[in-house]
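Okay, structure first, notes after.
Protein chains: 2
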Amino acid sequence: MADIKAAYLACPIRQVISRFGDKWSLLVLYTLNESDTGVMRFNELRRQMSDCSQKMLSQTLKNLEQNNLVHREVYPEVPPRVEYSLTPIGKSLMPSITALIAWAKEHFDDVVIHQIII
Amino acid sequence: MADIKAAYLACPIRQVISRFGDKWSLLVLYTLNESDTGVMRFNELRRQMSDCSQKMLSQTLKNLEQNNLVHREVYPEVPPRVEYSLTPIGKSLMPSITALIAWAKEHFDDVVIHQIII
DNA sequence: GCCACTTGGTAACTTTTCGTTACCTTTGCG
DNA sequence: CGCAAAGGTAACGAAAAGTTACCAAGTGGC
Numbered sequence: 009m010a011d012i013k014a015a016y017l018a019c020p021i022r023q024v025i026s027r028f029g030d031k032w033s034l035l036v037l038y039t040l041n042e043s044d045t046g047v048m049r050f051n052e053l054r055r056q057m058s059d060c061s062q063k064m065l066s067q068t069l070k071n072l073e074q075n076n077l078v079h080r081e082v083y084p085e086v087p088p089r090v091e092y093s094l095t096p097i098g099k100s101l102m103p104s105i106t107a108l109i110a111w112a113k114e115h116f117d118d119v120v121i122h123q124i125i126i
Numbered sequence: 009m010a011d012i013k014a015a016y017l018a019c020p021i022r023q024v025i026s027r028f029g030d031k032w033s034l035l036v037l038y039t040l041n042e043s044d045t046g047v048m049r050f051n052e053l054r055r056q057m058s059d060c061s062q063k064m065l066s067q068t069l070k071n072l073e074q075n076n077l078v079h080r081e082v083y084p085e086v087p088p089r090v091e092y093s094l095t096p097i098g099k100s101l102m103p104s105i106t107a108l109i110a111w112a113k114e115h116f117d118d119v120v121i122h123q124i125i126i
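As you go down the protein sequences, you meet chains A and B in turn.
Residue 126, in the numbering used here, is where the first sequence stops; the numbers in between run on with no holes.
Residue 126, in the numbering used here, is where the second sequence stops; the numbers in between run on with no holes.
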């Protein structure tokens with residue numbers, strides 16, 4: 009166990025991958041960042057990310073909240089209102105993600121479109 | 009199908025995610041980039057990424073090759089020699105990944121270690 | 001009053017992906 | 001001969017993701 013910790017400490021890319029290397033985390037962060045107000049309700053996110061199932065969105069948000077990248081605010085109303093936003097740490101990550109997006113834009117032509125769509 | 013294409017075209021982050029949003033791709037790119045010569049053989053990669061199974065490494069490399077991020081050179085010797093290296097496009101991606109790593113280093117203390125190790 | 005609809009989920013079940021183990025080929029070493 | 005090395009692939013079980021159904025507590029229409 010101690011060597012696993014050491015390996016992770018020594019290799020920051022593994023921290024990145026383990027925190028949001030899954031299929032939906034990056035997209036959640038990106039979508040929250042794109043929002044005008046910086047705050048989005050659960051179903052609002054769901055509509056923006058229509059190809060992500062409700063279960064996976066819920067799970068991904070929970071994970072991001074635990075990693076302190078996303079803030080979750082519950083308003084005890086009926087129907088319930090739950091608002092999600094980026095934490096300061098989450099915001100600090102966005103420039104790196106933006107760099108990735110810029111790369112994707114620039115090199116889009118270098119790959120075949122059908123490979124992207126599975 | 010046409011709308012799926014349009015959605016992907018309109019949202020470059022999805023291109024990034026669909027190309028190397030899986031568990032091992034980023035780590036392969038990173039490991040290749042860290043190598044002194046820039047060239048690594050299959051089992052050399054495997055030793056560096058000991059927690060990735062042979063099958064997944066093989067699959068990941070095949071995928072990266074199809075996306076033109078990794079070059080695969082086969083030497084018809086016995087025992088076979090297969091060398092992997094980053095393509096120019098693969099190399100062009102590294103600054104963005106390095107930015108992610110720098111972010112991880114800086115914000116490491118903001119998350120709890122046990123969350124990283126699953 | 002009654003039905004339909006909304007929100008933010010969770011439980012159960014199915015499908016897809018991942019990981020593990022075994023195996024293949026050809027050659028060199030002892 | 002018998003084993004090891006290289007770079008894989010095939011088959012199978014486990015884990016993760018996707019799908020569908022359902023929940024509570026209202027609100028609006030009729």
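Backbone N, C-alpha and C define an ideal beta-carbon position, used for all residues, glycine too.
For clarity, every value in this text was computed on a predicted model and none was experimentally measured.
In terms of beta-carbon proximity, Asn76/A lines the interface with chain B, with at least one pair separated by less than 8 Å. With contact defined as three or more Cβ pairs closer than 8 Å, the segment 59-71 of chain B and the segment 47-58 of chain A are not in contact. Per DSSP, reduced to three states, the secondary structure at Met48/A is strand. Residues of chain B whose Cβ lies closer than 7 Å to the Cβ of Leu101/A are, in chain order, Trp111. In this chain, Leu77/B is not harboured by any beta strand (DSSP E), its DSSP state being neither H nor E.
DSSP links Val90/B through a beta bridge to Val82/B. Contact residues of the segment 46-76 of chain B toward chain A are Gln74, Asn75 and Asn76 (C-beta to C-beta distance below 7 Å).
For Gly98/B, the enclosing alpha helix (DSSP H) starts and ends at Pro96 to Glu114. In this structure, the beta-carbon distance from Ala107/A to Ile21/B does not fall below 8 Å. Apart from sequence neighbours up to five positions away, the residues of its chain that approach Leu34/A with a beta-carbon distance below 7 Å are Phe28 and Ile105, ordered along the chain.
By a beta-carbon distance limit of 8 Å, Gly98/B does not contact Leu53/B. Their separation comes to about 14 Å. Between Ser100/B and the set Lys31/B, Asn41/B and Cys19/B, the nearest pair of CA atoms involves Asn41/B. Nearest to Ile25/A by alpha-carbon distance, out of Val24/B, Cys19/B, Gln23/B and Trp32/B, is Trp32/B. For Ser26/B, the enclosing alpha helix (DSSP H) starts and ends at Pro20 to Phe28.
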